[in-house]
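Engineer: There's a structure below that I have some questions on.
In our numbering, the protein residues as written are 3 to 971.
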């Protein structure tokens, strides 16, 4: 993995001491531990081993050879001296190399780092300089790189440092332009494509390690050696060990450790504070600890015969195309618009070192030429304001015309000149599939075809006569649309808390009186339950689309039926296309009810918003009623209108609980949010029981949700009063990932969603036991028995041939009487649905009893349970919920803090919302961030129209762009 940090000139002496001191590195004597790389270094005569004195001089700005840097290179002590890209080898490779003594792995890692840095130099090196006040950027293709290999992590306070093979690559803040001048290095492209660089490093390392005979497994976005377990890896991290100790003290330990592991942990903590360790002492301790936990480093971990690897022997072009095809399938499931960086990263990762970036870029160009991919029209960003929105060439020309009054032709010449001189930089292109464009087109065509086509509408006079006098103006408009409008497909934009249930009930009453009926579909089970409570027949979207026999659903439809699709804003393009294709031929009317400002679909596209943008008849239900106080109502109204930052002062409280920062084993700062999580849990635990039941804790990520849940369980006095149970959490993977064996991990739990001929049964649990070949995994059935671990004969399956597999992670948590829990999967046997809330009312030796909806259900604990704590929810899952009080964890550093999640989070409550944040000063900017799900039509339209102005219009940006446009001209 790659991390990065800036090195400043003022710290040149300290940096030289840290990077260039190789005394403790075992492999430093081979002369390869500190070396130069890069064409820029070669031009300065910096080749081979690094001389610490010269390295220090470069950090201080003295590059010798009469090099005179341009004015773009600052000379003061606070000036940027270098960018440190730190390549951290996977821990298992570190252990096999440094404890097992396989120096070939050290070289394999060095070679992978060099390949990744070559990509950075050839494709991302940019030079910046100013001429006459104008900033110009040029692709230079040369870097001065000082590489230092280190082999230990920073020592902890109470123990010796862990083994940690990593390479610091310092990119000096200097590069040479084509005119021979030396200028400051521009880091923007390097940062933007850092994940691509990391994928190149990981892929090259995988290829090198496999060439040595090692078998690897894949964990998230990196590899590990298959013979070294995750438990052993975690042991060799003192920080991880301290976390484990803390969790143990709190009663929330990780998997129960073996005797050998416990003995190894004891051995590791027998060190004195502030003790200096020689290389020999470190080696002795590492080997003793490894032996104590049963690690093996002999030749038995290598393949007896090196097996042919996936794609070995195939032409690079074929591998590149196959990897690109997989990357497109993987990315297009979640986003219709795919940035170049995401395509490259995913394809390189999938190729595993058997195709380079150039081959994959060629494959992308071929897909564009063949019409399989739509490429966005080129957009350019000003070097004067890198934060300003990019525009097309015609967009910049129109801006110059508007501000300078020049002819369009003259303006385009000035823009072209700015592009040629590097004052306007082209953004990395974005892509969409032709298939996505066609699916979107079918949705738009269905809506247009249905305009004025519903012939069974009730007359306006009849509808108005049946309107409830308590309806708000927005509700009245919604009911009239449902009952009387003649468009077969129409929409209701219903803001949060505007009383959609009351409106639907009134519409249903009017329809029934006229011999018609109303049915509903919703994305989630909780929404379906609420609709049914209101007397509206409802099913989940997924259950209707997944049914092999759709006749039971379509058979109840017809011209006399209105189908309401609730929370339409979270229905992705794929499902919306199928729903309209299923419903429209029956003659039924479709009403989409949702809010485009709330959270978006997890899958690709924004179908509801797209239909509105293309003219679908839509009424606004905007009279917010949920909030009992005018102040909160105004806050929600502002958030709904895209003015989130203005709503913050209207909330009850915004409490700042700063994060702590610790130095991790790489020497970089690690964020610790535990103090804020504790404060949120404490606020919840202090509430009376009846108020807890009507309080929701909302957060952005699953990691923070789990952390807050665990603290609430403890602070509510439930710790140590129950039994530890195995719980299943869904593994967030795409269909593309589930189709490839390498993206499974031993220990994953696989649940088939249908029966398969190989023996897999629908709804049964199977544990991944191994990955014997690149296209196969071995699974073992988990049968009822002690601890749910008894197994039958393993089954070898080919994931590519099985499109209906769900994957879960196994966790262990304590369940106590009084715990609030939720179902994480449908359970037809016990009549439970995904998302259903329950309370633990009894715990026995082999069972847990929960209560939900006035009935009790007893679940066996000899198998993992699809349960989780329900105190905290993510903003996405909170959509559609109503409560009295919200405790909202708004993290300024998290990408999940944005307009839509903020709006959802503060609009759930009737009476009170309390915001907890790490930095209140940064929060206004963060909650104003607008996240938009892209469409293939967005890119195709840009190709044709080349819009002259950004979406927010010229008025909002005229002032900030005036100076930039003057620079262009």
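Cβ coordinates follow ideal geometry from the N, Cα and C atoms, glycine included.
Tell me, please, whether the region 916–935 touches the region 736–750 by the rule of three or more beta-carbon pairs shorter than 8 Å.
Structural biologist: The region 916–935 vs the region 736–750: no contact.
Engineer: Applying the 10 Å Cβ sphere with the 16-neighbour rule, what's the burial state of residue 226?
Structural biologist: Within the chain shown, the letter at position 224 stands for residue 226. It counts as buried.
Engineer: Provide the residue(s) that pair with residue 7 in DSSP beta bridges, ordered along the chain.
Structural biologist: For the purposes of this step, residue 7 is taken as the residue at position 5 of the chain shown. Residue 7 pairs with 86.
Engineer: Who are residue 576's beta bridge partners in DSSP?
Structural biologist: For this step, residue 576 is matched to residue 574 along the chain shown. DSSP output for residue 576 lists no bridge partner at all.
Engineer: Enumerated in chain order, which unbroken segments of the alpha helix (DSSP H) with a length of 4 residues or greater are wholly contained in the region 616–698?
Structural biologist: Fully enclosed alpha helix (DSSP H) runs of 4 or longer: 632–642, 646–649, 676–687, 691–695.
Engineer: Between the beta-carbon of residue 904 and the beta-carbon of residue 929, is there less than 8 Å?
Structural biologist: Your numbering for residue 904 matches position 902 in the chain shown. Your numbering for residue 929 matches position 927 in the chain shown. Yes, these two residues count as a Cβ contact at 8 Å.
Engineer: Okay, do the region 796–805 and the region 758–772 touch, 3+ Cβ pairs below 8 Å being the bar?
Structural biologist: Touching, per the Cβ criterion.
Engineer: Pull the bridge partners of residue 220 from the DSSP assignment, please.
Structural biologist: Here residue 220 refers to the residue found at position 218 of the chain shown. Note: residue 220 sits in a beta bridge opposite 225.
Engineer: Tell me which residues share the same chain as residue 336 and place their Cβ nearer than 8 Å to its Cβ, disregarding the 5 neighbours each side in the sequence.
Structural biologist: Locating residue 336 in the chain shown gives position 334, counting from the first residue. So the qualifying residues of the chain are 604, 605, 606, 736.
Engineer: Between the C-alpha atoms of residue 1 and residue 173, what's the straight-line distance to the nearest angstrom?
Structural biologist: It is not possible to answer for residue 1, since the shown part of the chain is limited to 3 through 971.
Engineer: Assuming residue 427 contacts residue 185 (C-beta within less than 8 Å), just tell me the rounded distance between them.
Structural biologist: Residue 427 sits at position 425 when you count from the first residue of the chain shown. Residue 185 sits at position 183 when you count from the first residue of the chain shown. Not confirmed; about 15 Å, so no contact.
Engineer: Could you give the residue range of the beta strand (DSSP E) that holds residue 782?
Structural biologist: What you label residue 782 is simply residue 780 of the chain shown in a count that begins at 1. From DSSP, the beta strand (DSSP E) with residue 782 extends over 778–785.
Engineer: In whole angstroms, what is the alpha-carbon distance linking residue 497 and residue 642?
Structural biologist: Stepping through the chain shown from its first residue, residue 497 is reached at position 495. Stepping through the chain shown from its first residue, residue 642 is reached at position 640. Straight-line Cα distance between these residues: approximately 7 Å.
Engineer: Should the region 454–474 be called in touch with the region 429–441, which here means at least 3 C-beta pairs below 8 Å?
Structural biologist: Verdict: no, contact absent.
Engineer: Tell me the residue span of the alpha helix (DSSP H) that contains residue 411.
Structural biologist: Counted from its first residue, the chain shown places residue 411 at position 409. Taken as a continuous stretch (DSSP letters only), the alpha helix (DSSP H) holding residue 411 covers 410–422.
Engineer: Quick check: the region 482–497 against the region 592–599, are at least 3 beta-carbon pairs closer than 8 Å?
Structural biologist: Yes, the region 592–599 is in contact with the region 482–497.
Engineer: Report the rounded CA-to-CA distance for residue 612 versus residue 447, giving the unit in angstroms.
Structural biologist: The residue you call residue 612 lines up with position 610 of the chain shown. The residue you call residue 447 lines up with position 445 of the chain shown. Taking the straight line joining both Cα atoms gives about 12 Å.
Engineer: State the Cα-Cα distance for the pair residue 677 and residue 663, rounded to the nearest angstrom.
Structural biologist: By one-based count along the chain shown, residue 677 stands at place 675. By one-based count along the chain shown, residue 663 stands at place 661. Each residue's alpha carbon lies about 11 Å from the other.
Engineer: Could you give the DSSP three-state label for residue 760: helix, strand or coil?
Structural biologist: Stepping through the chain shown from its first residue, residue 760 is reached at position 758. Note: residue 760 maps to coil in three-state DSSP.
Engineer: Apart from the five residues just before and just after residue 881, which ones in its own chain have a Cβ nearer than 6 Å to its Cβ?
Structural biologist: Residue mapping note: residue 881 aligns to position 879 of the chain shown, counting from 1. Excluding residues within five positions, the ones whose Cβ falls inside 6 Å are 600, 601, 906.
Engineer: Our contact map puts residue 657 next to residue 918 with C-beta atoms below 8 Å; I'd like the distance itself, whole angstroms only.
Structural biologist: Counted from its first residue, the chain shown places residue 657 at position 655. Counted from its first residue, the chain shown places residue 918 at position 916. 5 Å between Cβ atoms; contact.
Engineer: For residue 174, write down the residues that DSSP places opposite it in a beta bridge.
Structural biologist: Reading the chain shown from its first residue, position 172 is the one you call residue 174. Bridge partners of residue 174: 84.
Engineer: So if DSSP puts residue 807 in a beta bridge, which residue, or which two residues, is it bridged to?
Structural biologist: As a first step, residue 807 must be located in the chain shown, where it is residue number 805. DSSP output for residue 807 lists 754 as bridge partner(s).
Engineer: Count the other C-beta atoms from every protein chain shown that fall within 10 angstroms of the C-beta of residue 639, then say buried if there are 16 or more, exposed otherwise.
Structural biologist: For the purposes of this step, residue 639 is identified with residue 637 of the chain shown, where counting begins at 1. Looking at its Cβ environment, which holds 16 or more other Cβ atoms inside 10 Å, residue 639 is buried.
Engineer: So within the region 534–570, which uninterrupted alpha helix (DSSP H) runs reach at least 4 residues, ignoring any that extend past its ends?
Structural biologist: Runs of the alpha helix (DSSP H) inside the region 534–570: 543–548, 553–556.
Engineer: Using three-state DSSP, classify residue 924 as helix, strand or coil.
Structural biologist: Within the chain shown, numbered from 1, the residue matching residue 924 stands at position 922. Residue 924: coil per DSSP, three-state reduction.
Engineer: Taking only three categories from DSSP, how would you classify residue 369?
Structural biologist: Taking the first residue of the chain shown as 1, we reach residue 369 at position 367. In the structure shown, residue 369 sits in a helix (DSSP, three-state: H, G or I).
Engineer: In angstroms with no decimal places, state the Cα-to-Cα distance between residue 413 and residue 146.
Structural biologist: Position 411 of the chain shown, counting from 1, holds the residue named residue 413. Position 144 of the chain shown, counting from 1, holds the residue named residue 146. Their backbone Cα atoms lie some 39 Å apart in a straight line.
Engineer: Given residue 521, which residues of its chain have a CB within under 6 Å of its CB, disregarding the five upstream and five downstream residues?
Structural biologist: Taking the chain shown and counting its residues from 1, one reaches residue 521 at position 519. Once the five neighbours on either side are set aside, the close Cβ partners of residue 521 are 539, 565.
Engineer: For residue 616, which residues from the same chain have a beta carbon less than 7 Å from its beta carbon, with the 5 sequence-adjacent residues on both sides left out?
Structural biologist: Indexing the chain shown from 1 puts residue 616 at position 614. For residue 616, where only same-chain residues beyond five positions count, the Cβ hits under 7 Å are 446.
Engineer: According to DSSP, is residue 452 helix, strand or coil?
Structural biologist: Translated into the one-based positions of the chain shown, residue 452 becomes position 450. Looking at residue 452 - three-state DSSP - the assignment turns out to be coil, as it is neither helix nor strand.
Engineer: Along the chain, where does the alpha helix (DSSP H) that runs through residue 397 open and close?
Structural biologist: Within the chain shown, numbered from 1, the residue matching residue 397 stands at position 395. Per DSSP, residue 397 belongs to the alpha helix (DSSP H) from 395–406.
Engineer: Since residue 340 sits in a beta bridge, which residues does DSSP pair it with?
Structural biologist: Taking the first residue of the chain shown as position 1, residue 340 is located at position 338. Paired residues: 433.
Engineer: Does the contact criterion of 3 or more C-beta pairs under 8 Å hold for the region 507–519 versus the region 861–870?
Structural biologist: Result no; under three Cβ-Cβ pairs closer than 8 Å.
Engineer: Within 10 Å of its beta-carbon, does residue 17 have 16 or more other beta-carbons around it, so buried, or fewer, so exposed?
Structural biologist: On the chain shown, residue 17 is found 15 positions in, with the first residue counted as 1. Classification of residue 17: buried, given that the 10 Å Cβ count is 16 or more.
Engineer: Report buried or exposed for residue 957, applying the criterion of at least 16 other Cβ atoms within 10 angstroms of its Cβ.
Structural biologist: Looking up residue 957 in the chain shown gives position 955. The pLDDT assigned to residue 957 is 32, lower than 50, so where the model puts this residue is not dependable; a value taken from the coordinates is nonetheless given after this. Exposed, because fewer than 16 other Cβ atoms sit within 10 Å of the Cβ of residue 957.
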